[in-house]
Amino acid sequence: MKKNPFAWFITLGLFGLFFFWGWRIYNVFHIIPTHPDVLEVLWGVEWYHKALLAKNFPPFSIHVIFHPLEWQSNTLAHTPFLFVLALPLFEVGGAAFAYNALTISAILITFYGTFLFVKRFAPNFIATCAALIFTFGGITWASVGSHLHLLCAFSFLPWLALTIELLKLSESKNLKILGGIFWGLMIDSSLYGLFIGSMAFALLGGRLFRPRWIKNVLIIASIAFLTSSPVTLPYWLGMHRTSVHYYGIEHNLYWGASLNSLFSPSFSHPLPQIQKLASSIYKGPRDESGMANLGIITWLLAFIGVILALKSRTNHWGLVFLSACGVILSMGLLLKWDNEPVKSPIFYPLLKLIWAIGYALKPEVFRSPNPLPSFEGGIPLPSLLLIAIVPFWEIARTVSRYAGVGSLGLVTLGSIALKHLPKFGCYLLLIMWLIETLPPPINGVRTPYELHPAYKWLAEKELQPGEGIVDMVYPSVLIGPEVLWAAWLHGKPTASGAGSYWPEHSYKLWAYFIQNDLSNPDVWLILRQYRIRYLFLHMRGEGERRMWELISSNPSFRPVRCFDSGGVSYPWGYEICVAEVMELDDPMNVIREEGWSGKEAWGIWAEGYKSRVTWLATSRQNHLLHIEAFPLCISGEHQGMRVKVNGYHLFEHLWGDCELWDGKITIPASLVKKGLNEITFEFKYAMSPAEITYGQNPDPRKLAAGFKKLRIEPTD
């Protein structure tokens, strides 16, 4: 190709046509893609610039979201590597320019790397078209304008694949180092790169099990882990400093790709006819579980390529293994169709065996000894075994993204097929292939530095030390990049958050509002535990209107006002209604979990032999537990109560009679953890008034003790 300038012209011309069709952001200094995840990157660039260059302090632990505890920014999907890489670009043209420049660079790296890789198997023109298919189609283009970390990780995949192919010819030291660097850069860009990069070694096929190649792979892996340590080490430390919620294996099941979605063109294709075709093939959710669309022509050509691989003496089986590895692992834990598991009872023994292995090795993931109802009758896939035996596999939740690995193998097999087809058939299929892959345009909006009027009002308010706000949408706490961006601009901490990993206390708050609506008169207790002063309700639809009605009629709140958007269109082009959380007079300030009756005028009964409460501690220090309680009085019986804190025995009390006990117990700092803490009350007996009075009092509740006061406060 170096001797053929016309070939270069064709390659660059085709790339330019696809790029300028798909990338519609021409003012790269002020316009950004419309996907909200872009705001996460803008925040990261601005924050790292302030922390590292302006203030000279570490950028990891901050108190801007997931209030009232600190948040580890190094646990974001967009890594510190990307933020640091963007800093010189930020100096040149600001945050929007940094984002756009990184995105365009990743697109160029992806295209050229894929071209060089496919060129080993097919002529220049076909390799050019294949590079267009991989770059502007499937998971790769779906990541443009949204998941920059994933786009950057995939941009180095063809380069790693090319290095592995070259290693088959010459096991040189330089190639091993280069392979390790490429894999390390993938991990630096996104932690998904750890598993995506490992799949590239499927290109080795049977060689992978030979001792010499095992040694080569281990050398490459060692270099990759060393190269990626500036990202993986802070991530590991951040995850261990924060109690992170694991969503459950059902969550992992959801994010696997459905079999029929893999054969579909993109459901956001710019041509309505192809959109309609895609909708007829796949009818499941239009989120990332359904976005691994590799296209009909891709599969047709790849199938021809596999047949040619069977007939030919040329060894292309590595490409088949690469394709199968990416595609099969992208489907997740069970075989699905339209995002619903395909049922077949004959696979139940295998499912139960894998589940038993998982329950033995990872009981925190496989939470019951038998398969959960959502897994019953399902057809297990290799990922179910991998999640059972491979450390951290469950953390990479959106496994549909692995289809990008399969895409590289499939487009290369398709290129081999085109090389062997007659010219007319080759060019006809190429045109159809390119049309099927035509990317949906990425449009932009101006970088939203102007705050919503509600946030402008907040920015001028003085909150007490330790206080914050919570952002909400129907039906619960708002989690999204726009929360992070708003908090950066208005400067007040919010109990809402952003990112894939939620601290346990934040998930608890989110789950509370899923199970309880805003009419609950005790809602202020929950919000005040989180030191929340104001609630910001984002009025996106009818659900939020109903929530505001409940807020307006609940004494836990004092409605402030509803602010219209004031001309701000992105990302807050709607009203935001603000209410102040009131602190009512209540003898109890803990969160009641289980074993409690309804509140009465005098207090509350503990029901059953065990009652449990939680409270949120912002630091490890001594706390004072104040209890006023009396037992359910039974003639000849003396009620006893054991108090445990976070599972540790702290105190016991035995009532002499039916008297009210007023006790103050110090909980030492050694038993307190930052975040949610648990107090358990265990009782000697619990009986119903109906049993004691032989039916004269019909109350059927199994009562243990009545609490008139139950408060916990930090002490100096």
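Numbering-wise (the working numbering), the sequence shown opens with residue 1088 and increments by one. Beta carbons are placed, not taken as given, at the ideal position from N, Cα and C, and that holds for glycine.
Looking at the backbone, the Cα of Phe1177 and that of Gly1660 are separated by about 27 Å. Ranked by how close their Cα comes to the Cα of Gly1743, the residues Gly1553, Trp1134, Val1730 and Cys1720 have Cys1720 in first place. Within its own chain, the residues whose Cβ lies closer than 8 Å to the Cβ of Leu1139, once the five positions on either side in sequence are excluded, are Pro1146, Val1171 and Leu1174, listed in chain order.
Nearest Cα to Leu1421 within the set Ile1441, Leu1305 and Leu1409: Ile1441.
Under the 10 Å beta carbon count, Pro1590 is surrounded by 16 or more other beta carbons and is classified as buried. Shortest Cα-Cα distance from Gly1750 to any of Pro1776, Ala1582, Ser1722 and Arg1798 involves Arg1798. The count of Cβ pairs closer than 8 Å, one atom from the stretch 1276–1286 and one from the stretch 1477–1486, reaches three, so the stretches are in contact.
In this structure Asn1764 is in contact with Thr1701, their Cβ atoms being roughly 6 Å apart against a cut-off of 8 Å.
In this structure, Tyr1696 and Ala1582 do not form a Cβ contact; the two beta carbons are roughly 34 Å apart against a cut-off of 8 Å. Around the beta carbon of Asp1558, 16 or more other beta carbons sit within 10 angstroms, so the residue counts as buried. Between Gly1723 and Glu1739, the C-beta spacing is not below 9 Å.
For Asp1558, the pairing in a beta bridge is given by DSSP as Phe1623.
Judged by DSSP secondary structure, Pro1540 falls within the alpha helix (DSSP H) whose first and last residues are Pro1540 to Ala1546. Taking 3 residues as the minimum length, the stretch 1272–1319 contains no beta strand (DSSP E) run wholly inside it. Secondary structure at Met1634: helix, using DSSP grouped into helix, strand and coil. Proximity of the stretch 1368–1381 to the stretch 1452–1464 falls short of the contact definition, fewer than three beta-carbon pairs being nearer than 8 Å.
Contact annotation, Gly1553 with Pro1801: C-beta distance approximately 11 Å; criterion of less than 8 Å not satisfied. Within the stretch 1100–1136, the beta strand (DSSP E) runs of at least 3 residues that lie entirely inside it are, in chain order, 1118–1120. Note that the stretch 1520–1539 does not touch the stretch 1407–1415; fewer than 3 beta-carbon pairs, one per stretch, sit closer than 8 Å.
The stretch 1337–1349 makes no contact with the stretch 1191–1200; the number of CB pairs closer than 8 Å stays below 3. Per DSSP, His1736 is one residue of the beta strand (DSSP E) stretching across Tyr1735 to Leu1741.
With a 10 Å radius around the Cβ and a threshold of 16 neighbouring Cβ atoms, Ala1141 comes out exposed. Across the structure, Val1498 and Asn1380 are spaced so that their CA atoms are roughly 13 Å apart.
In the assembly as shown, Phe1116 is an exposed residue. Its beta-carbon has fewer than 16 other beta-carbons within 10 Å.
Only residues of its own chain outside the window of five on either side were considered, and among them Leu1176 have a CB closer than 6 Å to the CB of Ala1188, listed in chain order. Excluding five sequence positions before and after Leu1437, the CB atoms of its chain that fall closer than 7 Å to its own CB belong to Pro1467, given in chain order.
According to DSSP, Gly1762 shares a beta bridge with Ala1704. In the structure shown, the three-state DSSP call for Ser1698 is strand. When the alpha-carbon of Val1125 is set against those of Trp1134, Gly1232, Lys1137 and Ile1191, the nearest one is in Gly1232. Residue environment: His1592 is assigned as buried (16 or more neighbouring CB atoms within 10 Å of its CB, all protein chains considered).
Here Pro1646 is bridged, per DSSP, to Ala1666. Runs of the beta strand (DSSP E) lying entirely within the stretch 1419–1500, each at least 3 residues long, are absent.
In the displayed model, Ala1688 falls within coil according to three-state DSSP, outside both helix and strand. Rounded to the nearest angstrom, the gap between the Cα atoms of Ile1152 and Arg1328 is 16 Å. If you look at Leu1790, you'll find it in the beta strand (DSSP E) that goes Leu1790 to Pro1801. Between Cys1649 and the set Ser1639, Gly1103 and Ser1643, the nearest pair of CA atoms involves Ser1639.
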